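Asker: I have a structure here, written as structure tokens, and I will follow up with some questions on it.
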Amino acid sequence: MTRSTPESPASAIDERHPPIRPRRVSFDWTKTPLHWIPGDPVATHIINSFHIVLPEGEKWFIQCVKDARPYIKDEQLLEEIKGFIGQEMVHARSHQGVLDQILSANGIDVSKITEAAAKGNADRPAQMAALKKKNPRAWRRRLRFELAAVASIEHYTAVLGQWLMEDDRLDKAGIDPTMLDLLRWHGAEEVEHRSVVFDVFQALGGRYPTRVLAWVVSLFFLYWALIGGSLYLLKQDPTVKRVSLPRVLIAYRRSVRRGHVPGIFKLLLGEAPIYLKPSHHPSQICSTPKALEYIHRSPAARSAGYDPY
Numbered sequence: 000m001t002r003s004t005p006e007s008p009a010s011a012i013d014e015r016h017p018p019i020r021p022r023r024v025s026f027d028w029t030k031t032p033l034h035w036i037p038g039d040p041v042a043t044h045i046i047n048s049f050h051i052v053l054p055e056g057e058k059w060f061i062q063c064v065k066d067a068r069p070y071i072k073d074e075q076l077l078e079e080i081k082g083f084i085g086q087e088m089v090h091a092r093s094h095q096g097v098l099d100q101i102l103s104a105n106g107i108d109v110s111k112i113t114e115a116a117a118k119g120n121a122d123r124p125a126q127m128a129a130l131k132k133k134n135p136r137a138w139r140r141r142l143r144f145e146l147a148a149v150a151s152i153e154h155y156t157a158v159l160g161q162w163l164m165e166d167d168r169l170d171k172a173g174i175d176p177t178m179l180d181l182l183r184w185h186g187a188e189e190v191e192h193r194s195v196v197f198d199v200f201q202a203l204g205g206r207y208p209t210r211v212l213a214w215v216v217s218l219f220f221l222y223w224a225l226i227g228g229s230l231y232l233l234k235q236d237p238t239v240k241r242v243s244l245p246r247v248l249i250a251y252r253r254s255v256r257r258g259h260v261p262g263i264f265k266l267l268l269g270e271a272p273i274y275l276k277p278s279h280h281p282s283q284i285c286s287t288p289k290a291l292e293y294i295h296r297s298p299a300a301r302s303a304g305y306d307p308y
């Protein structure tokens, strides 16, 4: 997996780049097939597992940052938060379109997962309000932990976004161009705003032990989402017969060799020494210029009239 060189200097907000802002793009899924990676349902559904969790996941990210926003004093970070929230709202909507217009349209029902996640998001504000009234210190600890968990996930989405932008084997595989643009546009914006939640966590007094514990919890969630979600989708796929773990593993390894998906285990555990380094900051990984360069040529962003420069 190719990793770009860190940006220098390592600052939370690089003033050489334009401010983070939402780009209200849209995607037409009418011509996108169920297996949008031709001949590779396993790789297709590994990435589809992200589509399941992202709509409600992005809304949870937004809730966490909104809870923290009143305690942020840095005006520049507040502007970054505004852009982050706007981008995540568009991401949630865009991935919901995949669920509605591709998976559901092909008889794949993911409501069991999405409804549970939606209920969690719906219940969270009242839970947090009650906790804050009863025990403000416990509320603050929970918020810091949630921010640390989101920051961990944001690390992986940025690294995955960089991989999506750099791996030309995806183009050679004949992936549906609309889906590839969604993934790369989203990945580019993840790279663009990769520091925001980490900086919010630190601004609220987040400490290293909390960051480590939240990373462990996030790692288990990501493995569950990728492995469990992929099997869940494959078992519902009307075109896939005889789904078994050994068969899926063989197909998965083949997909990794072809460059259709990154190595999940290498990706998640391989990033541990980087993210868990005490001096780590997200600005030390990935490349904002490369992200903006992709957004500049993204079909969806261009058709919506956006230019990052």
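FYI, numbering that gives the first Met the number 0 numbers position 121 of the sequence shown as 120, with every residue one higher than the one before it. For glycine and all other residues, C-beta sits at the position ideal for the given N, C-alpha and C. Owing to the predicted nature of the structure, the values given are computational and were not obtained by experimental measurement.
Please state whether DSSP places ASN134 in a helix, a strand or coil.
Answerer: In the structure shown, ASN134 sits in coil (DSSP, three-state: anything other than H, G, I, E or B).
Asker: Between LEU142 and the rest of its own chain, which residues show a CB-CB distance below 8 Å, the 5 nearest in sequence each way excluded?
Answerer: These residues qualify, in order along the chain: CYS63, ASP66, ALA67, MET127 and LEU203.
Asker: Would you list, in sequence order, the uninterrupted alpha helix (DSSP H) runs of no fewer than 4 residues that lie entirely inside the region 97–151?
Answerer: Runs of the alpha helix (DSSP H) inside the region 97–151: 110–133.
Asker: Which same chain residues, not among the five before or five after GLY106, have their C-beta less than 8 Å away from its C-beta?
Answerer: Taken in chain order, the residues that qualify are GLN235 and PRO237.
Asker: So, helix, strand or coil for LEU169, using DSSP?
Answerer: In the structure shown, LEU169 sits in a helix (DSSP, three-state: H, G or I).
Asker: Where does ASP180 sit, in a helix, a strand or coil, going by DSSP?
Answerer: In this structure, ASP180 counts as helix in the three-state DSSP scheme.
Asker: Quick check on the DSSP output: what are the complete alpha helix (DSSP H) runs of length 4 or more inside the region 52–97, in order along the chain?
Answerer: The qualifying runs are 74–97.
Asker: Out of PRO261, SER278 and ALA213, which has the shortest C-alpha to C-alpha gap to ARG168?
Answerer: It is PRO261.
Asker: Tell me the rounded alpha-carbon separation between ALA157 and CYS285.
Answerer: When rounded, the distance between both Cα atoms is 7 Å.
Asker: With a CB to CB cut of under 8 Å and the five nearest residues on each side skipped, what residues in its chain are close to THR43?
Answerer: Excluding residues within five positions, the ones whose Cβ falls inside 8 Å are LEU33, HIS34, TRP35 and ILE36.
Asker: Under the three-state reduction of DSSP, which class applies to TRP35: helix, strand or coil?
Answerer: DSSP places TRP35 in coil when its eight states are reduced to three.
Asker: Are the CB atoms of VAL255 and VAL196 within a distance shorter than 7 Å?
Answerer: No, the Cβ-Cβ distance between VAL196 and VAL255 is not below 7 Å.
Asker: Taking VAL215 as the reference, give the member of LEU267, VAL24, ASP170 and ARG257 with the closest Cα.
Answerer: For the residues LEU267, VAL24, ASP170 and ARG257, the minimum Cα distance to VAL215 belongs to LEU267.
Asker: Where does ASP175 sit, in a helix, a strand or coil, going by DSSP?
Answerer: Looking at ASP175 - three-state DSSP - the assignment turns out to be coil, as it is neither helix nor strand.
Asker: What residue range does the alpha helix (DSSP H) around ILE249 cover?
Answerer: Residues 244–257.
Asker: For ALA137, count the other beta carbons within 10 Å of its own beta carbon; 16 or more makes it buried, fewer makes it exposed. Which is it?
Answerer: With fewer than 16 Cβ atoms within 10 Å of its Cβ, ALA137 is classed as exposed.
Asker: Would you mind sorting SER297 into buried or exposed? The rule is 16 or more other CB atoms within 10 Å of its CB.
Answerer: Classification of SER297: buried, given that the 10 Å Cβ count is 16 or more.
Asker: HIS295 lies in the alpha helix (DSSP H); which residues open and close that run?
Answerer: 287–296 is the extent of the alpha helix (DSSP H) around HIS295.
Asker: So TRP59 and ASN120 are in contact, right, with Cβ under 8 Å, and what is the actual spacing, rounded?
Answerer: With 8 Å as the limit, TRP59 and ASN120 qualify as a contact, their Cβ atoms being about 6 Å apart.
Asker: Cα separation between ILE112 and SER103?
Answerer: Roughly 13 Å separates the two Cα atoms.
Asker: Ordered along the chain, which non-local residues of its own chain (more than five positions away) have a Cβ less than 7 Å from that of PHE83?
Answerer: If we look at PHE83 and ignore the five residues flanking it on each side, its Cβ neighbours are ILE19, VAL64, HIS192 and VAL195.
Asker: Would you report the Cα separation of GLY269 and ILE263, rounded to the nearest angstrom?
Answerer: Using only the alpha carbons, I get a separation of about 9 Å.
Asker: Our contact map puts LEU248 next to VAL242 with C-beta atoms below 8 Å; I'd like the distance itself, whole angstroms only.
Answerer: About 12 Å; that fails the 8 Å criterion.
Asker: Quick check: what's the CA-CA separation for GLN100 versus VAL109?
Answerer: The straight-line gap from Cα to Cα measures roughly 13 Å.
Asker: Do ILE51 and GLY228 have their C-beta atoms within less than 7 Å of each other?
Answerer: Yes, they are a contact pair.
Asker: In terms of residue numbering, what span does the alpha helix (DSSP H) encompassing ILE273 cover?
Answerer: Unbroken alpha helix (DSSP H) run through ILE273: 271–274.
Asker: Which of the three DSSP states, helix, strand or coil, is assigned to ILE226?
Answerer: In this structure, ILE226 counts as helix in the three-state DSSP scheme.
Asker: To the nearest angstrom, how far is it from the Cα of LEU275 to the Cα of ALA125?
Answerer: In a straight line, the C-alpha of LEU275 is about 33 Å away from that of ALA125.
Asker: Near ARG210, which residues of its chain fall below 6 Å by C-beta distance, leaving aside the five closest residues on each side in sequence?
Answerer: For ARG210, where only same-chain residues beyond five positions count, the Cβ hits under 6 Å are ALA147.
Asker: According to DSSP, simplified to helix, strand and coil, what is ASP198?
Answerer: Helix at ASP198.
Asker: Could you check the C-alpha separation between ASN47 and PHE144 for me, to the nearest Å?
Answerer: Straight-line Cα distance between these residues: approximately 27 Å.
Asker: State the Cα-Cα distance for the pair LEU212 and HIS94, rounded to the nearest angstrom.
Answerer: If I take the Cα positions, the gap works out to 29 Å.
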